[in-house]
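Undergrad:
Number of protein chains: 6
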Amino acid sequence: MPRVTIHRKAHFNAAHRLFNPAWSDEKNLEVFGKCSNPHYHGHNYELIVSVTGEIDPVTGFVMDLSVLRKLIQSEIEEAFDHKNLNVEVADFKTVNPTVENISVVIYNKLRTKIRTSLDISVKLYETPRNFATYSG
Amino acid sequence: MPRVTIHRKAHFNAAHRLFNPAWSDEKNLEVFGKCSNPHYHGHNYELIVSVTGEIDPVTGFVMDLSVLRKLIQSEIEEAFDHKNLNVEVADFKTVNPTVENISVVIYNKLRTKIRTSLDISVKLYETPRNFATYSG
Amino acid sequence: MPRVTIHRKAHFNAAHRLFNPAWSDEKNLEVFGKCSNPHYHGHNYELIVSVTGEIDPVTGFVMDLSVLRKLIQSEIEEAFDHKNLNVEVADFKTVNPTVENISVVIYNKLRTKIRTSLDISVKLYETPRNFATYSG
Amino acid sequence: MPRVTIHRKAHFNAAHRLFNPAWSDEKNLEVFGKCSNPHYHGHNYELIVSVTGEIDPVTGFVMDLSVLRKLIQSEIEEAFDHKNLNVEVADFKTVNPTVENISVVIYNKLRTKIRTSLDISVKLYETPRNFATYSG
Amino acid sequence: MPRVTIHRKAHFNAAHRLFNPAWSDEKNLEVFGKCSNPHYHGHNYELIVSVTGEIDPVTGFVMDLSVLRKLIQSEIEEAFDHKNLNVEVADFKTVNPTVENISVVIYNKLRTKIRTSLDISVKLYETPRNFATYSG
Amino acid sequence: MPRVTIHRKAHFNAAHRLFNPAWSDEKNLEVFGKCSNPHYHGHNYELIVSVTGEIDPVTGFVMDLSVLRKLIQSEIEEAFDHKNLNVEVADFKTVNPTVENISVVIYNKLRTKIRTSLDISVKLYETPRNFATYSG
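Here it is, written out as structure tokens:
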């Protein structure tokens, strides 16, 4: 059967700051600029999850997009939406919530929930101009 | 010469339903939900066709985008636009018109019309949130 | 208090055809072209509902956008999404489902549910290039 | 001379929470839901400022869009971008930063800087689905 | 019958420069900056034409969107697309092609072709961030 | 460390024409059509630069997106924005400014400025419907 990639777009709104706890406030400000504001700022994150595999000849699906939608909702949106990533999301207690690191965390969360015969890729937009992709 | 990918975006509006004729109506409804509505629903499909090859040093083109535009128009838009995919498009008489399967059908139609030294990829948006990619 | 307009974007996918039952099939085809295909075609309708009124000084809201979201969901999306507008939606039994007429039907449905001190406007995209606005 | 409206799009990223200090935390949570999260969340705000007036026959401008761009930058983006609206922006010390109230604050800030023969309107997107318009 | 606005989106690509022939090159550069480059620069102009009137109860149309599409094509796109506005379009021989003035020229061209019982409005995007609206 | 791709979107407005100096005007018109207009036309070019590499565990960055933004600004936007590509940009004195060739030129300019342990890819939109990708 043909090997096809399906994509599902989702989104969440969150506050964050870029911050390395091993550094002084001055050093954080020097490296991360206004992104390091200790009072936080925030984004409308747009997320595209891509899943690649063979089409099931019975359903015509690589994976039911409705199942993928619900999986993103329960694993990512409920965990991140309307949250302060630094303060409220355990994954970022010791990991700086850059768009790169958030992409890796999302990939790892989904990787455990989707069967390994399917490849995964994550694209995360922090803004329409800044985004990242991670494929494991 | 450098190997570059050119992309052309096109679109068509069509009605469809997800349906496996081997199943009862109840089973179709159970698996495909409201997408299996026997009265059909529809989409504004957005299509991106990508063609990869070496730049022709005389024209600066991988392939004339205007030729690609007309090819998509004659092979895909005229065949699918303002049609009921299940009822009026022969390719879906026995193939369920999921976004995955429509992508494969579009790829196969274009593959026969574009010389084999050029690679093709098809991205098809069923909605802005659900889409698929197929590269043969 | 300042008079502000809030806007909420929603969407639904539906099949339809343009059709005047007083006319022959030939006349329908002549006037409506491929939009009159008897097997239907479809669209991803994008809907923006705008509500204008004074800001409530206690909440800072003209109207809770979350209430507006649920109202659009229950009154419009549940009625129209994944439906065949001509066949399954009573409002279009005798009304041609042009983008103009669908906008008026949506406006009228919402008008009865939103208090009259608030003005309403409806913008409906049939495609990204064809859309309509109705404000009563 | 013809009376024309020019529009300039800008953006800023900020953290905020919806909060009425006269209420208990429970009441805030009941009315504002997850938007009241005490740890804040955030948005990529997209802003469109519209200015209406007669075309100057010498320049062909209603107002130099480059001047409008710099005005939005100095008055709005520098004040709001990468800030926590509740904590760091004086305008929201006693005003709940709903999309309605932020629109009014932006309008008022710009109104004092643009000559009164020109009309102003402000459209503010909190998300692509939730937005507000204020025209004084 | 309800009074509804229909909108049609179109586009054209053109070169232009901002230029007042009564001024020296230095004065043009001082006022218009890089937009006055004597070798020209260019844009993908996006155009939205809006037409307001009563719905025809027989067709359900304010105006056939397909007729409007063809009218924009013949009157605007054929005149402006892939042209140098300053050099090749007579309307801008003595009129500076600012986004404001182009909007007025488009409005005037269409106004003579659409019956006067219908109101017209023109929105023209020079870039996604700079645009203008003219309604006569 | 995980290998991630970061993406930065930028833009520039420019005039150009497609032209092969070895050909007659008639031959240029025959091959390139209205894109060969000797008075030029223009575009709002949208550019996405992608950089792939390992995340730096200290910053959480593959490459500081702010550094990438400034690099695109100094190397590409300042060289191309509000310019006539054929006349004013040395790279296109003998290279036809097709979207394919502009992508290669942008890639080559950036390749010398970004360390070789990082992979680069360039996506360039000439219009929302015509675009190209080059990855070296």
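Chains as they are written, first to last, in this note's numbering: chain B, 890 to 1025; chain U, 890 to 1025; chain F, 890 to 1025; chain R, 890 to 1025; chain V, 890 to 1025; chain Z, 890 to 1025.
Ideal Cβ positions, reconstructed from N, Cα and C, are used throughout, including at glycine.
F:I1009: which of F:S1024, F:T1016, F:R1018 sits nearest, CA to CA?
TA: F:S1024
Undergrad: Cβ atoms of R:H932 and R:P986: under 8 angstroms apart, would you say?
TA: Between R:P986 and R:H932, the C-beta spacing is not below 8 angstroms.
Undergrad: Going by DSSP, what residue range makes up the beta strand (DSSP E) through V:V893?
TA: 892 to 905
Undergrad: Are there three or more Cβ pairs, one per stretch, closer than 8 angstroms when the region 891 to 906 of chain B is compared with the region 1012 to 1023 of chain U?
TA: yes
Undergrad: Between R:N902 and B:H900, how many whole angstroms is the CB-CB distance? I'm expecting something under 8 angstroms.
TA: The pair is not a contact, with the Cβ atoms about 15 angstroms apart (cut-off 8 angstroms).
Undergrad: What does the Cβ neighbour count give for F:M890, buried or exposed, with the cut at 16 atoms within 10 Å?
TA: exposed
Undergrad: How would you list, in chain order, the residues of chain U whose beta-carbon sits under 7 angstroms from the beta-carbon of Z:E989?
TA: V893, I895, I944, G949, F950, V951
Undergrad: Name, please, each residue of chain F whose Cβ falls closer than 9 angstroms to the Cβ of U:N841.
TA: Residue 841 of chain U lies beyond the stretch modelled for chain U, which goes from 890 to 1025, so this question has no answer here.
Undergrad: When burial is assigned at 16 or more other CB atoms within 10 Å of the CB, is U:V947 buried or exposed?
TA: exposed
Undergrad: Say whether chain V places a C-beta atom closer than 8 angstroms to the C-beta of R:K972.
TA: No, R:K972 does not count as interfacial toward chain V.
Undergrad: Check each residue of the region 994 to 1023 of chain U: if its Cβ is closer than 7 angstroms to any Cβ of chain B, include it; give the result in chain order.
TA: Correct list: P1017, R1018, N1019, F1020, A1021, T1022, Y1023.
Undergrad: Between the beta-carbon of U:E919 and the beta-carbon of F:H928, is there less than 8 angstroms?
TA: no
Undergrad: Beta-carbon within less than 8 angstroms of R:A968's beta-carbon, same chain only, minus the 5 sequence neighbours each way: which residues are those?
TA: V978, K998
Undergrad: Provide the residue(s) that pair with Z:L936 in DSSP beta bridges, ordered along the chain.
TA: Z:A899, Z:L1013
Undergrad: Helix, strand or coil for V:K959 per DSSP?
TA: helix
Undergrad: Indicate the three-state DSSP secondary structure (helix, strand or coil) for R:Y860 in the structure shown.
TA: For chain R, the structure presents residues 890 to 1025; residue 860 of chain R sits outside this window and is missing.
Undergrad: If you measure from the beta carbon of V:K916 to each beta carbon in chain Z, is any gap under 8 angstroms?
TA: Nearest CB-CB separation between V:K916 and chain Z: not below the 8 angstroms threshold.
Undergrad: Can the beta-carbon of U:V993 be found closer than 8 angstroms to that of U:N1019?
TA: Not closer than 8 angstroms, so no.
Undergrad: Do F:L907 and F:C924 have their C-beta atoms closer together than 8 angstroms?
TA: In this structure, F:C924 lies closer than 8 angstroms to F:L907 by Cβ.
Undergrad: Among residues of its own chain, excluding the 5 on either side of F:D945, which ones have a beta-carbon nearer than 8 angstroms to its beta-carbon?
TA: M890, V951
Undergrad: Just to make sure I have the definition right: I need the residues of chain Z whose C-beta is within less than 7 angstroms of the C-beta of V:E977. Which are they?
TA: The contacting residues are H928.
Undergrad: Any idea if R:G922 is buried or exposed, counting beta-carbon neighbours within 10 angstroms, 16 or more meaning buried?
TA: exposed
Undergrad: Taking the alpha-carbon positions, what's the Z:A1021 to U:V956 distance?
TA: 15 angstroms
Undergrad: Where does R:S939 land, buried or exposed, given buried means 16+ other C-beta within 10 angstroms?
TA: By the C-beta density criterion, R:S939 is buried, having at least 16 other C-beta atoms within 10 angstroms.
Undergrad: Using a Cβ-Cβ cut-off of 8 angstroms, state whether F:N933 counts as contacting chain U.
TA: yes
Undergrad: Quick one: give me the first and last residue of the beta strand (DSSP E) that V:N1019 is part of.
TA: Bounds of the beta strand (DSSP E) holding V:N1019 are 1019 to 1023.
Undergrad: According to DSSP, simplified to helix, strand and coil, what is U:G949?
TA: coil
Undergrad: According to the Cβ coordinates, are U:N926 and F:K982 closer than 8 angstroms?
TA: no
Undergrad: Check each candidate in V:D980, V:E964, V:K916, V:S913 and name the one with the smallest Cα separation from V:I1003.
TA: Nearest of V:D980, V:E964, V:K916, V:S913 to V:I1003, Cα basis: V:E964.
Undergrad: Does DSSP put B:N909 in a helix, a strand or coil?
TA: coil
Undergrad: Do you know how far the Cα of V:N975 is from the Cα of Z:I991?
TA: 25 angstroms
Undergrad: Compare the beta carbon distance of B:S1006 and B:G942 with 8 angstroms and say whether it is the shorter of the two.
TA: yes
Undergrad: Identify the continuous alpha helix (DSSP H) that holds B:L918 and give its terminal residues.
TA: Membership of B:L918 in the alpha helix (DSSP H) is indicated by the continuous run 914 to 921.
Undergrad: Do B:P1017 and Z:K959 have their beta-carbon atoms positioned less than 8 angstroms apart in this structure?
TA: No. Outside cutoff.
Undergrad: How long is the line joining the alpha carbons of B:T1001 and B:I995, rounded to whole angstroms?
TA: 11 angstroms
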